[in-house]
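There are 2 protein chains.
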Amino acid sequence: MGKRARTLARLVDCGLDLFEERGYDKTTVGQIARAAGVTEMTFFRYFPTKESLLLDDPYDPLLIDAIGRQPPSLPPFLRAARGVREAWREVPEPDQPTIRRRVRIAARTPSLRSATWGSTGNTEQAIVGQLTDDGAAAIDARIAAAAVLAALVAGLFAWADAGSTSLAASIERALDVIDPGEREGTGHA
Amino acid sequence: MGKRARTLARLVDCGLDLFEERGYDKTTVGQIARAAGVTEMTFFRYFPTKESLLLDDPYDPLLIDAIGRQPPSLPPFLRAARGVREAWREVPEPDQPTIRRRVRIAARTPSLRSATWGSTGNTEQAIVGQLTDDGAAAIDARIAAAAVLAALVAGLFAWADAGSTSLAASIERALDVIDPGEREGTGHA
DNA sequence: GTCCATATGTTAGTGACTAACATTCAGGCG
DNA sequence: CGCCTGAATGTTAGTCACTAACATATGGAC
Chain A
0 MGKRARTLAR LVDCGLDLFE ERGYDKTTVG QIARAAGVTE MTFFRYFPTK
50 ESLLLDDPYD PLLIDAIGRQ PPSLPPFLRA ARGVREAWRE VPEPDQPTIR
100 RRVRIAARTP SLRSATWGST GNTEQAIVGQ LTDDGAAAID ARIAAAAVLA
150 ALVAGLFAWA DAGSTSLAAS IERALDVIDP GEREGTGHA
Chain U
0 MGKRARTLAR LVDCGLDLFE ERGYDKTTVG QIARAAGVTE MTFFRYFPTK
50 ESLLLDDPYD PLLIDAIGRQ PPSLPPFLRA ARGVREAWRE VPEPDQPTIR
100 RRVRIAARTP SLRSATWGST GNTEQAIVGQ LTDDGAAAID ARIAAAAVLA
150 ALVAGLFAWA DAGSTSLAAS IERALDVIDP GEREGTGHA
């Protein structure tokens, strides 16, 4: 195990601790660095921004696969929604406490709530790519990806706020809102 | 006409000009202020942040009304989507060039693309309020509002990028993606 | 133990933003 | 006209996120 990995882990740990303790905005990068036993400069060698300690957006191939497996007969919006649904069913349990910790901080900090949308950039791009590969128009793909990710993020925030609910259930509910599926409640003329 | 109004207009004009000319990130608040004949300090007396010169989020009662007029039998997501659709049909023509100018800058600046999501905070809150007033669960309302606004913003970005399309048509298309309406393309089992 | 890459520190600077205090300016009223 | 009050603006000084250029230390391969 390299030293780099250890320093990085220390920065993340100290960062999350401080964010929870005194809030994101009132925590300075210098404080995090000092708590981790390094310099402010070193912090920025590991993370490009303060945000990125909390919000890294790993490109997620599972998600893309799941979207690719949806029937091409579905409109892009539903392919995206159902792909996301399937992919999040499989999130391993041990990851959940960490996810919750991060999402909770983001959900409570106004400036981070907005930044979270932006942090989905990679994932959004990947979804758009998959949808267009499967024949969707670029514009439609962008809109579908944005809407589905917005619902997903909103669902994550709700989950982090609520005390007890399970991650899977929250995501399912979020996706039910935008894709009722066979339930079809539309009585509109 | 008060002096305040004139200074504010000058700041906005000079700001947009500079953003278009050399890009948002390369434009400093000091430059905007100097171009408008005031000090950096004065800029911050008119706008809380550099972003807010570009992204102000006026609470929009027309939108809320339109959502309120949707049939309560519809699920919240569709009430929101169709309310937004109706409201944007009525945007007066003269406003469109200004909107386009702003959206175009936001769409081209990565840091602003994310900030734009955050700037919809007021509107999102208002939509959530209307939806819950009409009987939706709080969680569902938040998710519906987030998804619809994401589609709307993505539609605006697409419109600003595309050269010729009309605003109304772009918004309609964006909302068609997430709410195909009676068209109902879902052949899913 | 030497050597080289990798990790870290130092210094100095920019730009967004804040706070406390001083100044000018526009217009009502004597 | 000239004072006088409050709004608009300027000044100074500081914090914090982030960047760049250069110097140092440190840990493992040989």
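The listed protein sequences derive, respectively, from chains A and U.
Under numbering that gives the first Met the number 0, think of the first position of the first sequence as 0, with each following residue one higher.
Under numbering that gives the first Met the number 0, think of the first position of the second sequence as 0, with each following residue one higher.
Glycine included, every Cβ here is placed at the ideal spot set by N, Cα and C.
Owing to the predicted nature of the structure, the values given are computational and were not obtained by experimental measurement.
Inter-residue Cα distance where the pair is Tyr58/A and Ser118/A: By one-based count along the first sequence, residue 58/A stands at place 59. By one-based count along the first sequence, residue 118/A stands at place 119. Straight-line Cα distance between these residues: approximately 11 Å.
Cα-Cα separation between Ala150/A and Glu171/A, rounded to whole angstroms: Along the first sequence, read from residue 1 onward, the residue named residue 150/A stands at position 151. Along the first sequence, read from residue 1 onward, the residue named residue 171/A stands at position 172. Answer to the nearest angstrom: the Cα atoms are 10 Å apart.
Chain A contact for Phe76/U (CB, 8 Å cutoff): Translated into the one-based positions of the second sequence, residue 76/U becomes position 77. Phe76/U counts as touching chain A.
Neighbourhood of Ala114/U by C-beta, 8 Å cutoff - its chain only, sequence neighbours within 5 removed: As a position in the second sequence, residue 114/U is number 115, starting the count at 1. Result list for Ala114/U: Glu50, Leu54 and Ala105, in chain order.
Neighbourhood of Leu111/U by C-beta distance below 8 Å, restricted to the same chain and skipping five residues each side: Your numbering for residue 111/U matches position 112 in the second sequence. Answer for Leu111/U: Tyr23, Glu50, Leu53, Leu54, Ile104 and Ala105, listed in chain order.
Any chain U beta carbon closer than 8 Å to Ile104/A: Counting from one through the first sequence, the residue named residue 104/A turns up at place 105. So, not an interface residue.
Span separating the alpha-carbon of Leu77/A from that of Asn121/A: For the purposes of this step, residue 77/A is taken as residue 78 along the first sequence, with counting starting at 1. For the purposes of this step, residue 121/A is taken as residue 122 along the first sequence, with counting starting at 1. Answer to the nearest angstrom: the Cα atoms are 20 Å apart.
Bounding residues of the alpha helix (DSSP H) (the contiguous stretch that carries Tyr45/A): Taking the first residue of the first sequence as position 1, residue 45/A is located at position 46. Tyr45/A -> alpha helix (DSSP H) spans Glu39 to Tyr45.
Min CB distance Gly134/A to chain U below 8 Å: Counting from 1 along the first sequence, the entry for residue 134/A is found at position 135. By this cut-off, Gly134/A is not an interface position.
Terminal residues of the alpha helix (DSSP H) in which Asp16/U lies: Taking the second sequence and counting its residues from 1, the one referred to as residue 16/U is at position 17. Segment Lys2 to Arg21, the alpha helix (DSSP H) holding Asp16/U.
Rounded C-alpha distance that separates Asp12/A from Pro91/A: Indexing the first sequence from 1 puts residue 12/A at position 13. Indexing the first sequence from 1 puts residue 91/A at position 92. Going by the C-alpha atoms only, they are around 21 Å apart.
Coarse secondary structure for Ser165/U, derived from DSSP in three states: If you number the second sequence from 1, residue 165/U lands on position 166. Three-state result, Ser165/U: coil.
Buried or exposed (CB count within 10 angstroms, at least 16 for buried), Ser163/U: Sequence index remark: in the second sequence, residue 163/U carries index 164 (1-based). Flag for Ser163/U reads exposed.
DSSP three-state assignment for Thr26/A, whether helix, strand or coil: Within the first sequence, residue 26/A is the residue found at index 27, counting from 1. Correct three-state label for Thr26/A: coil.
Simplified DSSP state of Val90/A, which is helix, strand or coil: Locating residue 90/A in the first sequence gives position 91, where the first residue counts as 1. Note: Val90/A maps to coil in three-state DSSP.
Chain A contacts from the region 3 to 28 of chain U (Cβ-Cβ distance under 9 Å): none
Contact between the region 152 to 160 of chain U and the region 122 to 139 of chain U (3+ Cβ pairs under 8 Å): no
Sufficient close CB pairs (3 or more, under 8 Å) joining the region 29 to 48 of chain A to the region 1 to 11 of chain A: yes
Whole-angstrom distance between Asp16/A and Ala168/U, CA atom to CA atom: Indexing the second sequence from 1 puts residue 168/U at position 169. Indexing the first sequence from 1 puts residue 16/A at position 17. When rounded, the distance between both Cα atoms is 48 Å.
Rounded Cβ spacing between Ala80/U and Leu62/U (contact assumed at less than 8 Å): Numbered from 1 along the second sequence, position 81 holds the residue referred to as residue 80/U. Numbered from 1 along the second sequence, position 63 holds the residue referred to as residue 62/U. That belief does not hold up - the Cβ atoms of Ala80/U and Leu62/U are roughly 12 Å apart, past 8 Å.
C-beta atoms of Gly67/A and Asp133/A nearer than 8 Å: As a position in the first sequence, residue 67/A is number 68, starting the count at 1. As a position in the first sequence, residue 133/A is number 134, starting the count at 1. It is a contact, given that the beta carbons lie within the stated cut-off.
Bounding residues of the alpha helix (DSSP H) (the contiguous stretch that carries Leu53/U): Position 54 of the second sequence holds residue 53/U. That residue, Leu53/U, is in no alpha helix (DSSP H); it is neither H nor E in DSSP.
Proximity of Ile177/A and Ala146/U at Cβ, strictly below 8 Å: Sequence index remark: in the first sequence, residue 177/A carries index 178 (1-based). Sequence index remark: in the second sequence, residue 146/U carries index 147 (1-based). Against a cut-off of 8 Å, the Cβ pair of Ala146/U and Ile177/A comes out as a contact.
Span of the alpha helix (DSSP H) around Ser118/U: Residue 118/U sits at position 119 when you count from the first residue of the second sequence. Pro109 to Ser118 is the extent of the alpha helix (DSSP H) around Ser118/U.
Cutoff 8 Å: Pro71/A Cβ touching any chain U Cβ: The count along the first sequence starts at 1 and reaches residue 71/A at position 72. No, Pro71/A does not count as interfacial toward chain U.
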